[in-house]
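Residue numbers (the working numbering): 10 to 292.
C-beta atoms are modelled at their ideal positions from N, C-alpha and C, and glycine is treated no differently.
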DNA sequence: ACCAGCTCCTGCTTGC
DNA sequence: TGCAAGCAGGAGCTGG
């Protein structure tokens, strides 16, 4: 669910509560996430100091002082929220936990960070930091869309010869890492490219133009604190508000916002997932 | 290698 | 109103 802008927003929001702080206790209430959360992993987390918070694609990375990194994936419905202690009283002694609060990080300064995930598509894994890039979740990821490795030549080469619709190609994390359904739909509309068009049959000029458009789309979403449709919240519980500026996503039947277009946003299904687009101005 | 479809899970919305 | 089907932001796996 959360795509790159949402995960990055959460990362930034968690920093004050977690960076440089020690996890006094990692409490696991439900270990059966997408992958099991073993007791031994919770024990290794308890007492560890978090040196820095990073992100790779949609994965949140907690770099620990012990040479290990906790990989956190929010799946479709996961949240990481900070709850502060109030009036010197430890919050975890007073605040009732909510349904689907699966993992609680009790921080040494009294705040706690709660991982909540109704659908349990989210998961965590603790791995050696020096072998992080080889981890099976991260090894095959393509370049970061906001980084230097994602450039026009890369995208042209990645699309070459591919017979899959461009919508599917941009969702392929090996081509570019961090886009999901929302931002692919939005970027393709900005680019005026039909989501149905085969990736390998788009003029190179148009593929190249897609690169800065993807960056701008993600940048705009980041500025808005991400998109809150259902479950997503920032680390302090605030909503994102990029959903108010969606051009196509979840706007089926609404008029296209492009000047002089006059089209109507339509919803189609590609690879079993909704795609929103304007048939008039996306070709 | 590539690609479409299925799957995991819960909860909200929609339609009868 | 009640109930069941459909759908949801991810992504690994299977099989053609």
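Practice task
Could you name the residues of the same chain whose beta carbon sits closer than 6 Å to that of residue 11, not counting the 5 residues immediately before and after it, in chain order?
Solution key: If you number the first chain from 1, residue 11 lands on position 2. Result list for residue 11: 83, 241, in chain order.
Exercise for the section: Taking only the alpha-carbon atoms, compute the straight-line gap between residue 137 and residue 76 and give it to the nearest angstrom. Expected result: Here residue 137 is taken as the residue at index 128 of the first chain, counted from 1. Here residue 76 is taken as the residue at index 67 of the first chain, counted from 1. Each residue's Cα considered, the two are about 6 Å apart.
Exercise for the section: Could you give the DSSP three-state label for residue 229: helix, strand or coil? Expected result: Working through the first chain from its first residue, we reach residue 229 at position 220. Three-state result, residue 229: helix.
Handout entry: Pairwise C-alpha distance: residue 55 and residue 73
Key = Residue 73 sits at position 64 when you count from the first residue of the first chain. Residue 55 sits at position 46 when you count from the first residue of the first chain. Straight-line Cα distance between these residues: approximately 11 Å.
Problem - Secondary structure of residue 12, DSSP reduced to three states - result: Here the question's residue 12 lines up with position 3 in the first chain. The answer is coil: DSSP assigns residue 12 none of H, G, I, E or B.
Practice task
Just the C-alpha distance for residue 203 and residue 197, rounded to the nearest angstrom, thanks.
Solution key: Taking the first residue of the first chain as position 1, residue 203 is located at position 194. Taking the first residue of the first chain as position 1, residue 197 is located at position 188. Near 7 Å, if we compare the C-alpha coordinates of residue 197 and residue 203.
Exercise for the section: Could you tell me if residue 148 is buried or exposed, where buried requires 16 or more neighbouring beta carbons within 10 angstroms of its beta carbon? Expected result: Counting from one through the first chain, the residue named residue 148 turns up at place 139. Exposed, by the Cβ-count rule.
Problem - Alpha carbon of residue 216 to alpha carbon of residue 248, nearest angstrom - result: Your numbering for residue 216 matches position 207 in the first chain. Your numbering for residue 248 matches position 239 in the first chain. Residue 216 and residue 248: Cα-Cα distance of roughly 33 Å.
Handout entry: Selection from 168, 131, 184, 27 that minimises the alpha carbon distance to residue 115
Key = To locate residue 115, count along the first chain from 1; it is residue 106. Comparing Cα-Cα distances from residue 115 to each of 168, 131, 184, 27, the minimum goes to 27.
Problem - Cβ separation of residue 220 and residue 160, assumed to be a contact under 8 Å, to the nearest whole Å - result: In the first chain, counting from the first residue as 1, residue 220 sits at position 211. In the first chain, counting from the first residue as 1, residue 160 sits at position 151. The Cβ separation is near 6 Å, so the contact holds.
Practice task
Return the chain-ordered list of same chain residues with a C-beta closer than 7 Å to the C-beta of residue 231, the five sequence neighbours on each side being excluded.
Solution key: As a first step, residue 231 is located in the first chain; it is residue number 222 there, counting from the start. The residues are 14, 17, 18.
Practice task
Have a look at 69, 180, 175 and flag the residue whose alpha-carbon is nearest the alpha-carbon of residue 201.
Solution key: Translated into positions along the first chain, residue 201 becomes position 192. It is 175.
Problem - Start-end ranges of the alpha helix (DSSP H) lying completely within the stretch 136-199, minimum 4 residues - result: 161-168, 175-180
Practice task
Along the alpha helix (DSSP H) that carries residue 268, what are the first and last residues, could you check?
Solution key: One-based indexing of the first chain puts residue 268 at position 259. Counting along the chain, residue 268 falls outside any alpha helix (DSSP H), and DSSP gives it neither H nor E.
Practice task
Indicate the three-state DSSP secondary structure (helix, strand or coil) for residue 291 in the structure shown.
Solution key: Along the first chain, one-based indexing puts residue 291 at 282. The answer is coil: DSSP assigns residue 291 none of H, G, I, E or B.
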